[in-house]
Amino acid sequence: MVSTRRKFIGTASAAALASLAGCNTTASTDQSAAGTGSGGSETYDVGYGDSRTTVEASAFPDTLYFYCVQSGWMNWPSLMQSFEDSYGVAVHDDDRSSGEALQHMRSHANNTTHSGYNGGYTYGIVAHNDGFTQAYKPTGWDKVPESLKTSDGHVTATRRVTTAVTYRKDLYEERGLEKPTTWADLLQPEITQDLALQTPQAAVGLAAALSINNARGGTMDDFQPVIDYYNRIQEGGAEFTDNFLAQFSRGEYATFIRYDYSGLDLKYNNSEVPEEDVGVALLGGENGNKGALNMPYGYALLKNAPNPGAAKLFMDYVLSLEGQRQFLDAYVRPIRSSELELPDEFIAPEEYERTEFQVDYGQLVERQESIIQEITRGANI
14 MVSTRRKFIG TASAAALASL AGCNTTASTD QSAAGTGSGG SETYDVGYGD
64 SRTTVEASAF PDTLYFYCVQ SGWMNWPSLM QSFEDSYGVA VHDDDRSSGE
114 ALQHMRSHAN NTTHSGYNGG YTYGIVAHND GFTQAYKPTG WDKVPESLKT
164 SDGHVTATRR VTTAVTYRKD LYEERGLEKP TTWADLLQPE ITQDLALQTP
214 QAAVGLAAAL SINNARGGTM DDFQPVIDYY NRIQEGGAEF TDNFLAQFSR
264 GEYATFIRYD YSGLDLKYNN SEVPEEDVGV ALLGGENGNK GALNMPYGYA
314 LLKNAPNPGA AKLFMDYVLS LEGQRQFLDA YVRPIRSSEL ELPDEFIAPE
364 EYERTEFQVD YGQLVERQES IIQEITRGAN I
């Protein structure tokens, strides 16, 4: 784990949370109520609308299994720990990619081992389409934008990330380079010579490809703009790789393409590179097109979940304002960010307005594999 320079919030103490304990306690959208975990007598009102129900702590497991929690990113360690402090239920660090979680669901279709899925939103929709999820609208579901949840309550986004470029400001200054504002700016030889990005097979790499394609006039039916772009930057020395953070810290890569939170977390929560030497930028098209795809991450309650009550309570907690605030420590924008005060270190809202766009995520799910194949073949990556 990297050392943290600053924290917006700390994990709530068990003593403070204990004062909220009581029977038939409601886990509301703005605060969570404490529980005693396995063997307790508390009950909790959970869910929104037709999903409202009561769950009993006596039925909670000691450990709740959720696919793809991945505690090493997006500040999940604090969120998981505060949930355990509040309710006495540990959340297993499953640490799988979204694709690996989906593969495990399929191989264990007749013996469900996990109660929920958490990860890439589009993979959650695939799980829904494959019949692995069940309807559950967590408390706060009505606060989630319509485009970032399924109307039947099966998949709900909990946070969002946006394609961004992270660069070494000190190296750019040495080379006489300005802060990039468009994808065309990255075509300069002084940038492509040590530019790192990921292939479209990775979710973050696909988001980058769709961002570039949109910025340069492409559509969901025309990917030639990003194919041409990738061929050009490879000629200039750019590399497709999954491992570049250490090289970035050492100055071997001056630029990488990932998500906004990746760069901000590295800038403010990592002591290996001076904060003032790291820049993070959202890019548009030189013709005014949007160039920063907004990718949601979310969760779903699984069909035949072995511990549905605890899973519902955990889902409520993640979507509560208390849970949502904890994403801020990793510079991830919560899905309910409009109700929260974002720290000054975040990228300015007007930059998101200038560059950010969304796609039809249902259409993306249907065409994802063919899109990946078309880009990788065309760009020979």
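Numbering (this note's numbering), first residue to last: 14 to 394.
The C-beta atom is built at its ideal place from N, Cα and C for all residues, glycine as well.
The model shown is predicted, which means the values in this text are computed figures rather than measured ones.
Three-state class that DSSP yields for residue i in the structure shown
| i | result |
| --- | --- |
| residue 59 | strand |
| residue 266 | coil |
| residue 395 | Here the chain comprises residues numbered 14 to 394, so residue 395 is not present and cannot be evaluated. |
| residue 207 | coil |
| residue 320 | coil |
| residue 228 | helix |
| residue 199 | helix |
| residue 365 | helix |
| residue 304 | coil |
| residue 356 | coil |
| residue 109 | coil |
| residue 288 | helix |
| residue 295 | coil |
| residue 349 | coil |
| residue 68 | strand |
| residue 234 | coil |
| residue 406 | Nothing in the structure corresponds to residue 406, since the chain is present only between 14 and 394. |
| residue 375 | helix |
| residue 86 | coil |
| residue 383 | helix |
| residue 335 | helix |
| residue 246 | helix |
| residue 120 | helix |
| residue 261 | helix |
| residue 282 | helix |
According to DSSP, residues forming a beta bridge with residue i
| i | result |
| --- | --- |
| residue 388 | Bridge partners of residue 388: none, in fact. |
| residue 327 | DSSP output for residue 327 lists no bridge partner at all. |
| residue 215 | Residue 215 is not bridged to any residue. |
| residue 252 | 209 |
| residue 309 | 173 |
| residue 103 | 76 |
| residue 341 | In the DSSP output, where bridge partners are listed per residue, residue 341 has none listed. |
| residue 370 | 306 |
| residue 314 | 129, 147 |
| residue 272 | 176 |
Pair within 9 Å by beta-carbon distance, residue i and residue j
| i | j | result |
| --- | --- | --- |
| residue 114 | residue 106 | no |
| residue 239 | residue 226 | yes |
| residue 171 | residue 305 | no |
| residue 199 | residue 178 | yes |
| residue 331 | residue 151 | yes |
| residue 374 | residue 173 | no |
| residue 320 | residue 64 | no |
| residue 70 | residue 57 | yes |
| residue 219 | residue 381 | yes |
| residue 167 | residue 137 | yes |
| residue 103 | residue 135 | no |
| residue 155 | residue 85 | no |
| residue 349 | residue 153 | yes |
| residue 205 | residue 250 | yes |
| residue 81 | residue 123 | no |
| residue 340 | residue 88 | yes |
| residue 264 | residue 181 | yes |
| residue 217 | residue 93 | no |
| residue 352 | residue 377 | no |
| residue 299 | residue 197 | yes |
Quiz item: Is it true that the region 228–239 meets the region 273–282, where meeting means three or more beta-carbon pairs spaced less than 8 Å apart?
Solution: Here the region 228–239 makes no contact with the region 273–282; the two share fewer than three CB pairs at distances below 8 Å.
Quiz item: Between the region 355–369 and the region 339–346, do at least 3 Cβ pairs fall closer than 8 Å?
Solution: Enough Cβ pairs lie closer than 8 Å, so yes.
Practice problem: Would you list, in sequence order, the uninterrupted alpha helix (DSSP H) runs of no fewer than 4 residues that lie entirely inside the region 122–195? | Solution: Every alpha helix (DSSP H) of 4 residues or more that sits fully in the region 122–195 is shown, in chain order, as 134–142, 182–187.
Exercise. Please determine if the region 288–295 and the region 115–134 are in contact, where contact requires at least 3 C-beta pairs separated by less than 8 Å.
Key: Counting Cβ pairs under 8 Å, fewer than three are found: no touch.
Exercise. Flag this pair as touching only if the region 387–394 and the region 322–332 have three or more C-beta atom pairs under 8 Å; answer yes or no.
Key: Contact between the region 387–394 and the region 322–332 is absent, because fewer than three Cβ pairs lie under 8 Å.
Quiz item: With a cut-off of 8 Å, do at least 3 Cβ pairs link the region 184–195 to the region 149–163?
Solution: Output reads no: the region 149–163 does not touch the region 184–195.
Quiz item: Do the region 203–216 and the region 266–274 make contact, defined as three or more Cβ pairs closer than 8 Å?
Solution: Yes: at least three Cβ pairs fall under 8 Å.
Quiz item: Counting pairs of Cβ atoms below 8 Å between the region 247–256 and the region 299–315, do you hit three or more?
Solution: Output reads no: the region 299–315 does not touch the region 247–256.
Quiz prompt | Cβ contact (3+ pairs, closer than 8 Å) linking the region 291–300 and the region 362–373 | solution = Taking a contact to require three or more Cβ pairs closer than 8 Å, the region 291–300 and the region 362–373 qualify as touching.
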